[in-house]
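All residue numbers for the sequence shown refer to full-length UniProt numbering, where the first residue is 1 and numbers rise by one. Beta carbons: idealized from backbone N, C-alpha and C, even for Gly. Since the structure comes first, as structure tokens, the remarks are kept for the end.
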Amino acid sequence: SQVNEEISVKHLPSTEPDPHVVRVGWSLDSCSTQLGEEPFSYGYGGTGKKSTNCKFENYGETFAENDVIACLVDFECGEEVEMSFMKNGKWLGVAYRVRKELLGGRALFPHVLVKNCAIEFNFGQREDTYFSVPPGFTFIQHLPVAERVRGTLGPKSKADCEILMMVGLPAAGKTTWAVKHAAANPSKKYNILGTNAIMDKMRVMGLRRQRNYAGRWDVLIQQATQCLNRLIQIAARKKRNYILDQVWRQGRPCVPRVAGVSLGTSPGQDVPQCLRPHIPRHPNAP
Numbered sequence: 001s002q003v004n005e006e007i008s009v010k011h012l013p014s015t016e017p018d019p020h021v022v023r024v025g026w027s028l029d030s031c032s033t034q035l036g037e038e039p040f041s042y043g044y045g046g047t048g049k050k051s052t053n054c055k056f057e058n059y060g061e062t063f064a065e066n067d068v069i070a071c072l073v074d075f076e077c078g079e080e081v082e083m084s085f086m087k088n089g090k091w092l093g094v095a096y097r098v099r100k101e102l103l104g105g106r107a108l109f110p111h112v113l114v115k116n117c118a119i120e121f122n123f124g125q126r127e128d129t130y131f132s133v134p135p136g137f138t139f140i141q142h143l144p145v146a147e148r149v150r151g152t153l154g155p156k157s158k159a160d161c162e163i164l165m166m167v168g169l170p171a172a173g174k175t176t177w178a179v180k181h182a183a184a185n186p187s188k189k190y191n192i193l194g195t196n197a198i199m200d201k202m203r204v205m206g207l208r209r210q211r212n213y214a215g216r217w218d219v220l221i222q223q224a225t226q227c228l229n230r231l232i233q234i235a236a237r238k239k240r241n242y243i244l245d246q247v248w249r250q251g252r253p254c255v256p257r258v259a260g261v262s263l264g265t266s267p268g269q270d271v272p273q274c275l276r277p278h279i280p281r282h283p284n285a286p
């Protein structure tokens, strides 16, 4: 993958740590989008850190705009699988060794996590490669189809999509139920939409943002709410399964009240029309 551009982020405060980050690597199909922040998810980031299960360690070099990172995985290392990376054609050494018995025959999939960057991938579809491939390795696209493993397929049409809308008083256990329900149905790959879920993904080096926003909780809430509004607009156009884990009041997301902060959508605006017809009341929801 090549980091083509670091997108302008003038709207972010000057204190924002690492405003441009790309993390690449490998994960199981069952892992979430947060590369390197859970078991069986192995990432290498532009900060010069490798991470798995939220454990960050120094590795390789930092990388940024115009750098090319190659993700290598070697399944022919006896009882282990080795993962390593290259920067601009330079091998950075083995980052991970995982025993095959722990993977249990499950496939590793390419995974990327991006923060304010534009990137380009080459799985073998390009005639000219950025850099030569090391001996013994081959691009995924050049593997015979019989040797590939397909990831989980999403819904074929919007009519097949499932959207659950959590209903209940604050602190009634809605988020707990949503997380457990998503974990119990991995094949549906639910996307949980809510300010709590967004703030949980706004981690810095695996640490929750609350630790970095002491005294500026209103800023964090405002950013999370703006993200939620935008994600709901995007969700309306995607064929995915969703759990809407947010208390709504007059069509706006209800979050902890903070003086001087404008929250949610415009007054009177409702949940997007394309979502509402498909939001059932789940019998086991709180």
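Q. How many whole angstroms separate the CB atoms of Asn58 and Glu38, which I take to be in contact at a CB cut-off of 8 Å?
A. Rounded to the nearest angstrom, the Cβ distance from Asn58 to Glu38 is 20 Å, too far for a contact under 8 Å.
Q. Measuring CB to CB, does Phe137 end up less than 8 Å from Ser27?
A. Not in contact: Phe137 and Ser27 (Cβ atoms no closer than 8 Å).
Q. If we ignore side chains and look at the alpha-carbon of each, how far apart do Thr176 and Val24 end up?
A. Distance between the alpha carbons of Thr176 and Val24 is about 30 Å.
**Q.** Extent of the continuous alpha helix (DSSP H) to which Ser178 belongs
**A.** The sequence given here places Ala at residue 178; Ser does not occur at that position. Here the alpha helix (DSSP H) through Ala178 covers Lys174 to Ala184.
**Q.** CB contact flag (His20, Ala70, <8 Å)
**A.** Pairing His20 with Ala70 gives a Cβ-Cβ distance that is not under 8 Å.
Q) Which whole-angstrom value describes the C-beta separation of Tyr44 and Gly60, a residue pair presumed to lie in contact below a C-beta threshold of 8 Å? A) 6 Å
(Q) Among the candidates Phe139, Phe85 and Leu164, whose CA atom is the shortest distance from the CA of Arg240? (A) Cα-wise, what sits closest to Arg240 is Leu164.
Q: Report all residues from its chain with a CB closer than 7 Å to the CB of Asp115; omit the five preceding and five following residues, and keep chain order.
A: According to the sequence displayed, residue 115 carries Lys and not Asp. Excluding residues within five positions, the ones whose Cβ falls inside 7 Å are His20 and Val21.
**Q.** Whole alpha helix (DSSP H) elements within the segment 112 to 192, 4-residue minimum
**A.** 174 to 184
Q: Would you decide whether Gly104 is buried or exposed? Buried here means 16 or more other CB atoms lie within 10 Å of its CB.
A: exposed
Q: State the start and end residues of the unbroken alpha helix (DSSP H) segment that holds Asp29.
A: Neither: Asp29 is in no alpha helix (DSSP H) and is coded neither H nor E.
Q) According to the neighbour-count rule (16 or more other Cβ atoms, all chains shown, within 10 Å of its Cβ), is Ser84 buried or exposed? A) buried
(Q) Just verifying my parser: in three-state terms, what is the DSSP assignment at Lys90? (A) strand
Q.
In the DSSP assignment, the beta strand (DSSP E) including Thr62 goes from what residue to what residue?
A. Premise fails: Thr62 is in no beta strand (DSSP E) and is neither H nor E.
Q | Neighbourhood of Ser32 by C-beta, 7 Å cutoff - its chain only, sequence neighbours within 5 removed | A | Glu38
Q. Just to confirm, are Glu79 and Val94 a CB contact at a threshold of 8 Å?
A. Cβ distance not < 8 Å, so Glu79 and Val94 don't count as in contact.
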